[in-house]
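Residue numbers (our numbering), protein chains in the order written: chain A, 1 to 287; chain B, 288 to 574.
Here a beta-carbon is modelled for each residue, glycine too, at the ideal position from N, C-alpha and C.
Below: one structure, written as structure tokens.
What follows is the structure, encoded as structure tokens:
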């Protein structure tokens, strides 16, 4: 049980975490902080937070756990602004999609005194954003990856691990670097492809009314292109190296596929499609 | 009402068409033909066809309408084998995803005597295949694109139009070339990206257990990579020009996005993501 939880940024992820912990009776009081008072008011009305503060100093004071649920690009600024109000027991965690940048920001603010900072990333979400889209079941059976550092306090790690388990999530641990590479492959790259595809087609659309002919497969494929642009901007900027490396690998493979289509290389095409179908069907059964 | 309908290839599309027409009381007898007798037997048991034939000559004899629901690559062979058994009134239509290749095959078999051949393409389907996956509602509110030729018989066109309307589909007409370009953009290109992404990740997977970290967005994004490899091989081979042109456009755009990520060009990234989100949200509202 976390007595007092402060959530910085009460949107889809922060809001769903609050709802899930309340549902599990795993939290005493939830305090919300954000920039937009209307959103905070909404969170209060929806019962997502017990109260909200417009002064971040008040919002984090006496918190047992502080969760940063803001775009990764805001991490440094938020950590700087809360630093004066922390005590030696305050645990901080975050939900950012690129962990290298978050840890870098934390080091800038705290130096090596990072014992109570537990970097985390719930691999869950929808293309929607905002507290209205939050729901208590968002993390059920989803993976949450924690990337503790060498000197992370074991007790702090245990509390954050327990917090996510209480939401119904499957908690894993890995290194910051491994997390960022894997996420670049399974999340960041697909998002880039979806954003770029929709943008490319939208540009053509003026001429040939392309979207009229799109089918269900297209709808599924492009759903993630509805995701929040600012959040994805931040992910690109903060996980640039892994994303560019993954894009380069992918583009080289795509070029080979393109050449095979051009050359009518049936063997190659059947090989790629068959391997992909097998992998996707297997993934689908396991998840 | 079509008195006698012959379906060559009783899979997801052929089977769903039969089911939909039966449900709408828009067909007398449905005769199925296919290569695999077990599949035909299954279609009969499921009530999808009224009977099946293992001799294509018998299957098409006295048919009012023959629907080719086979992979595009089989079109030439099927048309050649049914040609001797057609009469002057028999209407033929197809469901292929690339119309240029289908029309080319039809010209090879019938020369300019194509009055009763109505090329068509229902833009519907799932990643599943086979008659077991068929259902009567597959075409409801989906677009079916007919691409009649200069000398297509008006009465034949009307009957095929009516047939698809009876399934609940929205029937459109366009040219063969326009169809193939638009489908390359909205369907063939996304499928190539999904197949290639899953294949690329599956290759890496040995090393870093990549799929374990995939979330819901990845599941949606890659669903179409479960599609039938042979069918997609045929589409690639038969719509090669449009697909390669579309891939080239896309790869150039993706390269620009990659460079912007590498350079940390925030304006460019936000611009692309915001435009894409807007277009996707608008598409989502309209469809």
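Residue-level contact to chain A via CB, residue 585/B, 8 Å cutoff: Residue 585/B lies beyond the residue range present for chain B, which begins at 288 and ends at 574; the question has no answer from this structure.
Interface flag, residue 217/A vs chain B, CB-CB below 8 Å: Yes, residue 217/A counts as interfacial toward chain B.
Contacts around residue 522/B, its chain only, beta-carbon distance under 7 Å, and the 5 residues preceding and following it disregarded: Setting aside the 5 residues that flank it on each side, residue 522/B is surrounded in the same chain by 359, 384, 385 and 475, each with a C-beta closer than 7 Å to its C-beta; the list follows chain order.
Cβ separation of residue 264/A and residue 524/B, assumed to be a contact under 8 Å, to the nearest whole Å: Confirmed, about 6 Å.
Same chain, Cβ closer than 6 Å to residue 372/B, neighbours up to 5 away in sequence not counted: Non-local C-beta neighbours of residue 372/B in its own chain, meaning closer than 6 Å and more than five positions away in sequence, comprise 344, 347 and 348, ordered along the chain.
Cutoff 8 Å: residue 477/B Cβ touching any chain A Cβ: So, interface residue.
8 Å Cβ cutoff, residue 566/B in contact with chain A: It does; some Cβ of chain A falls within 8 Å.
Identity of the residue in 123/A, 180/A, 80/A and 111/A nearest residue 151/A by Cα: Considering only 123/A, 180/A, 80/A and 111/A, the residue with the shortest C-alpha distance to residue 151/A is 111/A.
Start and end residues, beta strand (DSSP E) containing residue 51/A: For residue 51/A, the enclosing beta strand (DSSP E) has its first and last residue at 51-53.
Minimum Cβ-Cβ distance from residue 226/A to chain B less than 8 Å: Closer than 8 Å to some Cβ of chain B, the Cβ of residue 226/A qualifies, so yes.
For residue 87/A, the nearest candidate out of 69/A, 76/A, 116/A and 105/A (CA to CA): Nearest of 69/A, 76/A, 116/A and 105/A to residue 87/A, Cα basis: 116/A.
Distance between residue 381/B and residue 461/B (C-alpha atoms, nearest Å): Linking residue 461/B to residue 381/B through their CA atoms gives a straight-line distance of about 15 Å.
Closest residue to residue 571/B among 231/A, 281/A and 213/A (Cα-Cα distance): Considering only 231/A, 281/A and 213/A, the residue with the shortest C-alpha distance to residue 571/B is 213/A.
Residue 392/B: contacting residues in chain A (beta-carbon distance under 8 Å): Simply none; closest approach about 16 Å.
Residue 429/B versus residue 338/B - alpha carbon distance: Across the structure, residue 429/B and residue 338/B are spaced so that their CA atoms are roughly 28 Å apart.
Neighbouring residues, chain A, relative to residue 562/B (Cβ below 7 Å): Around residue 562/B, the beta-carbon contacts reaching into chain A at under 7 Å are 199 and 202.
Same chain only: Cβ atoms within 8 Å of residue 21/A, ignoring 5 sequence neighbours per side: Its chain contains 2, 5, 27, 30, 163, 166 and 167 as the residues whose beta carbon lies nearer than 8 Å to that of residue 21/A, once the 5 sequence neighbours on both sides are disregarded; these appear in chain order.
Limits of the unbroken beta strand (DSSP E) element including residue 354/B: 352-355 is the span of the beta strand (DSSP E), which, as asked, contains residue 354/B.
Chain-ordered neighbours of residue 516/B on chain A, where CB pairs are closer than 7 Å: Under the 7 Å cutoff, chain A gives 270, 273, 274 and 277.
Cutoff 8 Å: residue 175/A Cβ touching any chain B Cβ: So no, residue 175/A is outside the interface.
C-beta neighbour in chain B for residue 258/A, strict 8 Å: Residue 258/A belongs to the set of residues whose beta carbon lies under 8 Å from a beta carbon in chain B.
Buried/exposed call for residue 412/B, threshold 16 Cβ in 10 Å: Buried.
Cα-Cα separation, residue 506/B to residue 272/A: Annotation: residue 506/B to residue 272/A spans about 19 Å, alpha carbon to alpha carbon.
Delimiting residues of the alpha helix (DSSP H) encompassing residue 255/A: 240-263 is the extent of the alpha helix (DSSP H) around residue 255/A.
Neighbour list for residue 249/A in chain B, Cβ cutoff strictly below 9 Å: Under the 9 Å cutoff, chain B gives 487 and 491.
Close Cβ partners of residue 37/A (< 7 Å) along its chain, the five nearest in sequence each way excluded: Its chain contains 54 as the residues whose beta carbon lies nearer than 7 Å to that of residue 37/A, once the 5 sequence neighbours on both sides are disregarded; these appear in chain order.
Touch test, the segment 237-246 of chain A against the segment 528-544 of chain B, Cβ-Cβ under 8 Å, three pairs minimum: No, they do not touch.
Sequence-distant residues of the same chain with beta carbon closer than 7 Å to residue 414/B, five excluded per side: The residues 510, 511, 513 and 514, in chain order, have a CB closer than 7 Å to that of residue 414/B in the same chain once the five nearest residues on each side in sequence are set aside.
Reduced DSSP category for residue 31/A - H, G, I as helix; E, B as strand; rest coil: Residue 31/A carries a strand assignment under DSSP once its states are collapsed to helix, strand and coil.
DSSP-derived helix/strand/coil call for residue 255/B: Lying before the first or after the last residue shown, residue 255/B is absent from chain B, which here runs from 288 to 574.
CA-to-CA distance, residue 458/B to residue 334/B, given in whole angstroms: Residue 334/B and residue 458/B: Cα-Cα distance of roughly 26 Å.
Neighbouring residues, chain A, relative to residue 422/B (Cβ below 7 Å): For residue 422/B, no chain A residue has a Cβ inside 7 Å of its Cβ, as the nearest lies near 13 Å away.
Rounded separation between residue 259/A and residue 268/A - CA only: Between residue 259/A and residue 268/A, the C-alpha separation is close to 10 Å.
Nearest-angstrom Cα separation, counted from residue 216/A out to residue 233/A: C-alpha separation (whole angstroms): 27 Å.
CB contact flag (residue 288/A, residue 43/A, <8 Å): Outside the shown range of chain A, which is 1 to 287, sits residue 288/A, and nothing can be said about it.
Buried versus exposed call for residue 376/B [16 or more other C-beta atoms within 10 Å across all chains shown]: Exposed, since its Cβ has fewer than 16 Cβ neighbours within 10 Å.
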